[in-house]
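Protein chains in written order, with this note's numbering: chain A, 1 to 404; chain B, 1 to 404. First comes the structure, then the notes that go with it.
Protein chains: 2
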Amino acid sequence: MQTLWDYRYAQRTQRMKGSAIRELLKFSERKDIISFAGGMPAPEIFPIGEFREACDKALREHGADCLQYGSTDGYLPLREMIAHQSTRYGINVTAENILPTSGSQQALDLIGRIFINPGDRILVESPTYLGAIQAWNAYGAEFIPVPFDQDGMDTKKLEDSLRAGIKFIYVLPNFQNPTGVTLSYERRLHLIELADNYGVPIIEDDPYGQLRYEGEHLPAVVVLDSQTRSQETCYSGNVIYLSTFSKTLAPGIRLAWVIAPTEVIQKLILAKQGADLHTSTFNQISTYEVAKGGFLNEHVKLIRKVYRERRDVMLDTLEEHMPPCIKWTHPKGGLFLWATLPTNLDAKVIFNEALEKNVAFVPGAAFFAEGGGHNTMRLNFSNAKPEMINEGIGILAKVIKNHV
Amino acid sequence: MQTLWDYRYAQRTQRMKGSAIRELLKFSERKDIISFAGGMPAPEIFPIGEFREACDKALREHGADCLQYGSTDGYLPLREMIAHQSTRYGINVTAENILPTSGSQQALDLIGRIFINPGDRILVESPTYLGAIQAWNAYGAEFIPVPFDQDGMDTKKLEDSLRAGIKFIYVLPNFQNPTGVTLSYERRLHLIELADNYGVPIIEDDPYGQLRYEGEHLPAVVVLDSQTRSQETCYSGNVIYLSTFSKTLAPGIRLAWVIAPTEVIQKLILAKQGADLHTSTFNQISTYEVAKGGFLNEHVKLIRKVYRERRDVMLDTLEEHMPPCIKWTHPKGGLFLWATLPTNLDAKVIFNEALEKNVAFVPGAAFFAEGGGHNTMRLNFSNAKPEMINEGIGILAKVIKNHV
Chain A
1 MQTLWDYRYA
11 QRTQRMKGSA
21 IRELLKFSER
31 KDIISFAGGM
41 PAPEIFPIGE
51 FREACDKALR
61 EHGADCLQYG
71 STDGYLPLRE
81 MIAHQSTRYG
91 INVTAENILP
101 TSGSQQALDL
111 IGRIFINPGD
121 RILVESPTYL
131 GAIQAWNAYG
141 AEFIPVPFDQ
151 DGMDTKKLED
161 SLRAGIKFIY
171 VLPNFQNPTG
181 VTLSYERRLH
191 LIELADNYGV
201 PIIEDDPYGQ
211 LRYEGEHLPA
221 VVVLDSQTRS
231 QETCYSGNVI
241 YLSTFSKTLA
251 PGIRLAWVIA
261 PTEVIQKLIL
271 AKQGADLHTS
281 TFNQISTYEV
291 AKGGFLNEHV
301 KLIRKVYRER
311 RDVMLDTLEE
321 HMPPCIKWTH
331 PKGGLFLWAT
341 LPTNLDAKVI
351 FNEALEKNVA
361 FVPGAAFFAE
371 GGGHNTMRLN
381 FSNAKPEMIN
391 EGIGILAKVI
401 KNHV
Chain B
1 MQTLWDYRYA
11 QRTQRMKGSA
21 IRELLKFSER
31 KDIISFAGGM
41 PAPEIFPIGE
51 FREACDKALR
61 EHGADCLQYG
71 STDGYLPLRE
81 MIAHQSTRYG
91 INVTAENILP
101 TSGSQQALDL
111 IGRIFINPGD
121 RILVESPTYL
131 GAIQAWNAYG
141 AEFIPVPFDQ
151 DGMDTKKLED
161 SLRAGIKFIY
171 VLPNFQNPTG
181 VTLSYERRLH
191 LIELADNYGV
201 PIIEDDPYGQ
211 LRYEGEHLPA
221 VVVLDSQTRS
231 QETCYSGNVI
241 YLSTFSKTLA
251 PGIRLAWVIA
261 PTEVIQKLIL
271 AKQGADLHTS
281 TFNQISTYEV
291 AKGGFLNEHV
301 KLIRKVYRER
311 RDVMLDTLEE
321 HMPPCIKWTH
331 PKGGLFLWAT
341 LPTNLDAKVI
351 FNEALEKNVA
361 FVPGAAFFAE
371 GGGHNTMRLN
381 FSNAKPEMIN
391 EGIGILAKVI
401 KNHV
C-alpha cells in the first residue's frame with residue numbers, strides 16, 4: 001500500500017538493519033526445530049513458581065504502586081539491592097549510580113543516544129555483540145574492530161586504533177557473545193592501562209559474568225580500573241558497566257541495569273524520559289521480590305549446573321562428530337560457543353542445508369561490524385536439552401561433512 | 001565527580017530537557033500534597049484483583065512464554081484484540097497494522113527515530129503534549145505551533161504553515177493534554193482536507209478517546225480520513241494512530257500501541273529491535289488476559305463515572321472560589337482542564353506559593369513548544385479524590401486572590 005509516509009523516512013532509517021538473530025528467532029519458535037540460534041535461556045528452569053508468588057505479593061502489598069506511573073530513576077529497593085550485590089563483586093557504588101532499564105538493549109540505546117554523534121568511532125571486539133551494533137548504527141556510529149583471539153580482544157593491537165580518536169571502547173569480557181571467549185586477566189590490565197593513557201572511557205557489557213562453569217572468577221574491568229586509581233577502590237567512573245536479569249532470572253521481564261557516574265545516570269534518565277518514561281513499576285517490584293533474600297544466588301547455582309552440562313554435551317558431541325578441519329572455542333561460561341569452518345565454506349550455505357534438516361544456528365558474519373566472518377557460526381548451548389544437542393550437532397556434522 | 005565521560009556527550013544531549021511534569025511527580029509522591037500535577041489515574045479503581053488473577057493465569061498457563069524472549073512485533077492475540085476493538089470504532093485494520101510499544105512514549109520515540117531528520121518541521125497544537133516535544137527534540141525536530149482555541153487546533157490558520165514544508169502534523173483530537181479541549185467535527189474534516197491538499201501525513205495521539213463524560217463520540221481523524229478516500233472505508237494509511245492501556249487499565253504496566261500502514265510497522269519494528277528488543281512478554285500476555293472478554297469495556301464505564309464526578313467537583317469548586325479574571329476550559333472528557341490567569345501573573349509564582357500550602361499543579365509554559373503560556377496552568381482532576389479537589393482548589397484560589 002502506497003502512503004504519504006513512504007518518502008518521509010529519516011536518513012538514519014536507511015542504516016537500520018534487521019537483526020539476523022531476531023529473524024532466526026522465528027525458526028526457534030517452531031517446535032520441530034533443534035535451535036542453537038537465539039541466546040535463549042533454558043525455559044525448563046525459569047523460576048515460574050517464584051514469579052507467581054512474587055507477582056501476587058507485589059499486587060497484594062503494593063497494588064496501586066505496581067500499576068501507577070513511577071519515576072524514571074527506578075524502584076529504590078531494587079537499585080539498593082543491585083548496589084549491594086555489585087559491592088560484593090568489588091564495584092563500590094550506591095543506588096545513585098544505578099539506572100534500571102528495559103533490558104540491556106535499552107541501556108545500549110540510551111548510551112548511544114547521550115554519547116554518539118554521527119561519525120563517532122567506537123572501538124569494538126571483532127566479532128562483537130550484534131545488539132550493540134544495531135543500537136549504535138541508529139546514531140551514526142562507525143565501528144573500529146580490534147582483532148580477537150582465544151584470550152579476547154588483542155590489546156597489543158589496540159594502541160593504533162586508540163590514536164584514531166575513539167569515543168569509547170565497548171568490551172564484553174566474560175564468555176563473550178558471540179564467541180564465548182573470556183578476556184584474560186593480563187589483557188584486562190593492559191586494556192585499562194591503554195585506555196587511561198589515551199583518556200578513552202570503556203563500556204563493559206557483562207550479562208553472563210555470573211554464569212561461570214570452570215576456572216576462577218576474574219575481576220570485572222570496572223573493578224580493576226577502580227583499583228588502579230585508588231587504594232579505597234571507590235568507583236572511578238571511567239567504566240560504565242551493564243548487566244541484566246535476563247540470563248539469571250528471565251528475559252521476558254525486560255529488566256537490566258546500568259552502573260555509571262551519577263552525572264551520566266542523570267543524562268541517561270533524561271534520555272529515558274523521552275524514550276519510554278520509565279520501566280514497568282510492576283516488573284521492577286516483582287523482580288525485586290523474586291531476587292531478594294538470596295534466591296537469585298541459589299538460582300544461579302542451578303543455572304550453572306544445567307548450562308555446564310549442556311556445554312559439556314555440545315563440546316563432547318562436536319569432538320565426536322565434526323571433521324578435523326572444524327575448530328571451535330571452549331567457553332568457560334556463558335551461553336555460546338563459536339565454530340570456524342574452512343575458509344572456502346560459507347556458513348550461510350550450511351545454515352540453509354541444516355535448516356532443511358530442522359537444525360538452526362546463527363551464521364557468524366552478522367557479528368562483524370565491518371564485514372568478514374563468512375565461515376564462522378555461533379552455537380547456543382543453553383536452550384536445547386542435552387539429548388537434542390546431541391542429535392542436532394550430529395545432524396550439523398553430517399551437513400558439514402558433505403562439504404569438506 | 002569528574003570522569004572521562006564529561007566531555008563526550010553527543011550534541012543532541014544538549015537539547016534534552018527534563019520534563020517539568022516528571023520533576024513534579026516527585027511532589028505528587030508526597031502524601032501531604034494535594035496534587036493536580038501529574039496525569040495519573042485514580043489508584044482507587046485500578047483493577048488490582050483482575051491483574052492478580054491474570055498474572056497468575058498467565059504464569060500458570062504460559063509460564064515459560066511469559067518469561068522467555070519474545071518477538072519484537074508483539075503478542076499476536078493482543079494485537080488481534082486491539083485490531084478487533086479498533087474495527088468497532090471504524091478503524092478497519094488487522095494485527096499486521098498494530099505494534100505494541102512500551103507505553104505511548106516509546107511510540108512517539110520510535111516515530112521520531114524513523115521519520116525525523118534534524119531540522120524537520122513538525123506541526124503541533126499550541127499548547128501540545130510535552131512528551132512528544134521531549135521525544136522529538138532528541139531527533140532535532142523543529143516545532144511549528146498552530147493557534148488553538150476552545151474547538152482545538154485552528155485549522156483556518158493551518159494553511160500558511162503547511163506551505164512551509166512539514167514532515168507531519170501531530171494532533172490530540174480528544175480531551176487534549178494539556179487543555180482538555182476537543183477538536184470539533186468540522187475542524188477534523190478541514191484538517192483532513194488541508195493535509196490531503198498538501199500531501200502531509202498526520203499522527204493522531206488518542207490516549208483519552210474512550211473517557212468521554214458528555215456529548216456524542218466524534219469519529220477519530222483516522223476514521224474520517226479513510227471515509228473520505230474510499231466507500232469501503234478501509235484504512236487509508238495516511239494517519240498513524242496511537243493509543244494506550246495506561247488510562248483505561250494501568251500505566252505501570254507500560255503497554256500502548258501504534259496503528260500504521262504495514263510498511264511503517266516494519267520500520268518501527270526495526271527501530272524497536274535496536275531500542276529495547278521487545279515489550280515484556282509477561283506484560284503483554286497478562287494485560288491481554290485482563291482486557292479480553294469484555295472486562296476492559298466494563299472497566300472504562302467505571303472510570304468514566306469516577307472521573308466525571310471529579311471533573312464536575314473541580315468545575316464547581318473553580319466556579320465557587322476563583323476570582324472572575326480567571327478562565328478555564330470545560331473538558332468533555334479526559335484527565336485535565338486548563339486555566340488562564342491574567343497576563344500580568346506568572347503561573348510559576350502561583351505554583352511556588354501553592355506548593356508551600358501543599359497544593360501542586362503544572363505551570364502551562366512547559367507545553368508550548370516555542371515559548372509562551374507563562375500565565376497558564378494545567379489541572380489534573382483524575383488523581384485526587386473529590387474532597388481533596390474541593391480543598392485543593394480552595395487553597396489555590398486563595399493564593400491567586402492574593403495577586404489579583
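Beta carbons: idealized from backbone N, C-alpha and C, even for Gly.
When you compare each of the options to residue i by their alpha carbons, which one comes out closest?
| i | options | result |
| --- | --- | --- |
| B:N344 | B:V146, B:T376, B:L335 and B:L318 | B:T376 |
| A:K17 | A:E44, A:G103, A:G131 and A:G112 | A:G131 |
| A:P100 | A:R88, A:I91 and A:G70 | A:G70 |
| A:W5 | B:Q210, B:G38, B:I202 and B:K305 | B:I202 |
| A:A347 | A:L78, A:K332, A:F175 and A:A397 | A:A397 |
| B:G112 | B:L123, B:N137 and B:G103 | B:N137 |
So is residue i buried or exposed if we call it buried at 16+ other beta carbons inside 10 Å?
| i | result |
| --- | --- |
| B:V404 | exposed |
| A:E125 | buried |
| B:L249 | buried |
| A:C66 | buried |
| A:N352 | exposed |
| A:T279 | buried |
| A:A339 | buried |
| A:T87 | exposed |
| B:L76 | exposed |
| B:R12 | buried |
Starting from the beta carbon of residue i, find every residue of chain B whose beta carbon is closer than 8 Å, and list them in chain order.
| i | result |
| --- | --- |
| A:D160 | Residues of chain B passing the Cβ test: none, with the nearest at roughly 20 Å. |
| A:E263 | M1, T3, W5 and D6 |
| A:K410 | Any question about residue 410 of chain A goes unanswered here, given that chain A covers just 1 to 404. |
| A:K267 | Y9, T13 and M16 |
| A:I253 | L67, S280 and F282 |
| A:Q134 | Q273 and G274 |
Cα separation between residue i and residue j?
| i | j | result |
| --- | --- | --- |
| A:T228 | A:L194 | 13 Å |
| B:V200 | B:S184 | 20 Å |
| B:V239 | B:I285 | 28 Å |
| B:G372 | B:T179 | 15 Å |
| B:N297 | B:I303 | 10 Å |
| B:H321 | B:V399 | 11 Å |
| B:A64 | B:T281 | 10 Å |
| B:T329 | A:A83 | 47 Å |
| B:G237 | A:Y89 | 53 Å |
| A:T72 | A:I265 | 11 Å |
| A:Y198 | A:R163 | 8 Å |
| A:N380 | A:A366 | 15 Å |
| A:L268 | A:L110 | 6 Å |
Residue i lies in the alpha helix (DSSP H); which residues open and close that run?
| i | result |
| --- | --- |
| B:P100 | It is not in any alpha helix (DSSP H) - B:P100 instead sits in the beta strand (DSSP E) that spans I98 to T101. |
| B:E298 | F295 to H321 |
| B:W136 | L130 to N137 |
| A:L162 | E159 to L162 |
| B:I400 | P386 to K401 |
| A:F351 | A347 to E356 |
| A:V222 | V221 to R229 |
Examine the ligand COA and report whether any of its heavy atoms sits within less than 8 Å of the Cβ of residue i.
| i | result |
| --- | --- |
| B:G140 | Looking at this structure, you won't find the ligand COA or any other ligand, since it has none at all. |
Quick check on the DSSP output: the beta strand (DSSP E) that includes residue i runs from which residue to which?
| i | result |
| --- | --- |
| A:S243 | V239 to T244 |
| B:M377 | T376 to N380 |
| B:R121 | R121 to E125 |
| B:D205 | I202 to D205 |
| A:E142 | E142 to V146 |
Closer than 9 Å by beta-carbon distance: list the chain B residues that pair up with residue i, in chain order.
| i | result |
| --- | --- |
| A:D276 | T101, S102, G103, Q105, Q106, D109, R254, A275 and D276 |
| A:F46 | G63, A64, C66, L67 and Q68 |
| A:P43 | G63, A64, D65, L67 and Q68 |
| A:L40 | The question names Leu, but residue 40 of chain A in the sequence shown is Met. Those are Q68 and Y69, listed as they occur along chain B. |
Which chain A residues are close to residue i, counting only those with a beta carbon under 8 Å from its beta carbon?
| i | result |
| --- | --- |
| B:C55 | R52, C55, D56 and L59 |
Just the chain B side, please: which residues come within less than 7 Å of residue i by C-beta, in chain order?
| i | result |
| --- | --- |
| A:E250 | Looking at the sequence shown, residue 250 of chain A is not Glu but Ala. Chain B residues near A:A250: L67. |
| A:I114 | Y9, A10 and T13 |
| A:N117 | A10 and Q11 |
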